[in-house]
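J.: The structure follows.
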Amino acid sequence: MFRVNNFDKLLDKATSNLRLEPDWPTILQICDLIRQNDCSPKYAVAAVKKKLYSQNPHQAMFALLTLESIVKNCGSGVHDEVTSKAFCEMLRDLVKSTQHENLRNKILELIQAWAFAFRNSPKYRAVQDTVNILKAEGYKFPALKESDAMFSADTAPEWADGEVCHRCRVPFTLIVRRHHCRACGQVFCQQCSSKTSTLPKFGIEKEVRVCDACYDKVSRPPSA
Ligand SMILES: O=P(O)(O)O[C@@H]1[C@H](O)[C@H](OP(=O)(O)O)[C@@H](O)[C@H](O)[C@H]1O
Ligand SMILES: [Zn+2]
Ligand SMILES: [Zn+2]
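Note that the numbering used here gives residue 180 to position 180 of the sequence shown, counting from 1, and the numbers run on in steps of one.
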């Protein structure tokens with residue numbers, strides 16, 4: 001559980017009510033933890049959500065900025081969490097209940113940007129529904145900056161399930177343990193995923209487990 005505590009420490013630091021300016025380096029470290037699978041998107045979003053309810057407007061705003069960054073940088077695992085009906089309803093309630101104009105506007109900005117970013121994903125339609133409801137209730141949304149809705153970060157694939165090794169087909173047992181390659185997300189036995197590599201293209205700077213095929217790909221010198 002150490003790694004998760006590390007996340008909590010970073011989130012406390014990023015949302016400290018002693019700060020007057022956002023702590024962007026810490027916010028980006030939080031993104032790295034999630035991108036490296038050191039903290040699950042579910043845990044991360046739930047922890048940030050708690051900070052949104054802080055009575056201290058600085059803390060709540062820093063939590064919103066952290067939320068904005070992890071949605072932009074950490075891929076579909078986070079998108080699944082913040083586009084759930086429950087999360088959208090929570091944001092809608094916050095828009096209604098907050099006393100702070102700047103918090104309200106930041107939430108409206110985020111919901112609108114996400115609705116635009118996910119406009120082609122039917123499974124995320126709860127966000128557009130929330131925009132429509134809030135507009136019908138008379139809330140004024142800030143002008144959409146399309147740049148706010150560009151989630152450019154390339155993120156590591158979600159991990160696949162499987163009862164046998166993706167490469168040698170050996171069945172997993174109590175002895176033959178399951179492992180995941182961080183580059184392709186497939187499931188392998190120890191023998192087929194014994195190597196490690198950094199994966200800069202996914203923002204993973206530390207050595208992580210990769211399968212033999214991905215190891216050959218990432219360690220081959222770029223073709224001249
Ligand atoms: O050790 P176990 O109790 O079998 O748990 C496995 C390890 O956590 C593996 O981590 P790793 O890929 O870093 O080895 C992970 O990829 C598997 O999904 C888990 O089932
Ligand atoms: Zn294998
Ligand atoms: Zn692989």
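The C-beta atom is built at its ideal place from N, Cα and C for all residues, glycine as well. Remember, predicted model here, so these are calculated numbers, not experimental data.
Hey, is Q191 close to ligand 2, as in C-beta under 7 Å from one of its heavy atoms?
T.: Taking the first residue of the sequence shown as 1, we reach residue 191 at position 191. Yes, Cβ of Q191 sits closer than 7 Å to a heavy atom of ligand 2.
J.: Have a look at the DSSP bridge pairing and note the partners of H179.
T.: Here residue 179 is taken as the residue at index 179 of the sequence shown, counted from 1. Note: H179 sits in a beta bridge opposite F188.
J.: Is the distance from the Cβ of A14 to the Cβ of T98 below 8 Å?
T.: By 1-based counting over the sequence shown, the position of residue 14 is 14. By 1-based counting over the sequence shown, the position of residue 98 is 98. No; because the gap between Cβ atoms is not below 8 Å, this pair is not in contact.
J.: Excluding the five sequence neighbours on either side, which residues of its own chain have a C-beta within less than 7 Å of the C-beta of V127, listed in chain order?
T.: As a first step, residue 127 is located in the sequence shown; it is residue number 127 there, counting from the start. Within the same chain, V127 has close Cβ partners T83, C88, I111, W114, A115 and F118.
J.: Please enumerate, following chain order, all residues with a beta carbon closer than 5 Å to at least one heavy atom belonging to ligand 3.
T.: Counting every residue whose Cβ lies closer than 5 Å to a heavy atom of ligand 3, we get C181, A183, C184, C211 and C214.
J.: Hey, could you find the ends of the alpha helix (DSSP H) K49 is sitting in?
T.: Reading the sequence shown from its first residue, position 49 is the one you call residue 49. Where K49 is concerned, the enclosing alpha helix (DSSP H) stretches over P41 to L52.
J.: Do you know how far the Cα of L199 is from the Cα of R92?
T.: Taking the first residue of the sequence shown as 1, we reach residue 92 at position 92. Taking the first residue of the sequence shown as 1, we reach residue 199 at position 199. When rounded, the distance between both Cα atoms is 37 Å.
J.: Pull up the distance between the alpha-carbon of G203 and that of I27, whole angstroms please.
T.: Translated into positions along the sequence shown, residue 203 becomes position 203. Translated into positions along the sequence shown, residue 27 becomes position 27. The alpha-carbon atoms of G203 and I27 are separated by roughly 14 Å.
J.: For F62 versus R19, is the C-beta distance shorter than 8 Å?
T.: The residue labelled residue 62 in the question sits at position 62 within the sequence shown. The residue labelled residue 19 in the question sits at position 19 within the sequence shown. Yes. Within cutoff.
J.: Where does V170 sit, in a helix, a strand or coil, going by DSSP?
T.: If you number the sequence shown from 1, residue 170 lands on position 170. Note: V170 maps to coil in three-state DSSP.
J.: Express the C-alpha separation of L33 and C5 in angstroms, rounding to a whole number.
T.: What you label residue 5 is simply residue 5 of the sequence shown in a count that begins at 1. What you label residue 33 is simply residue 33 of the sequence shown in a count that begins at 1. The question names Cys, but residue 5 in the sequence shown is Asn. Going from the Cα of N5 to the Cα of L33 covers about 11 Å.
J.: Check for me: the beta strand (DSSP E) holding K195 runs from which residue to which?
T.: Counted from its first residue, the sequence shown places residue 195 at position 195. Start and end: K195 to L199.
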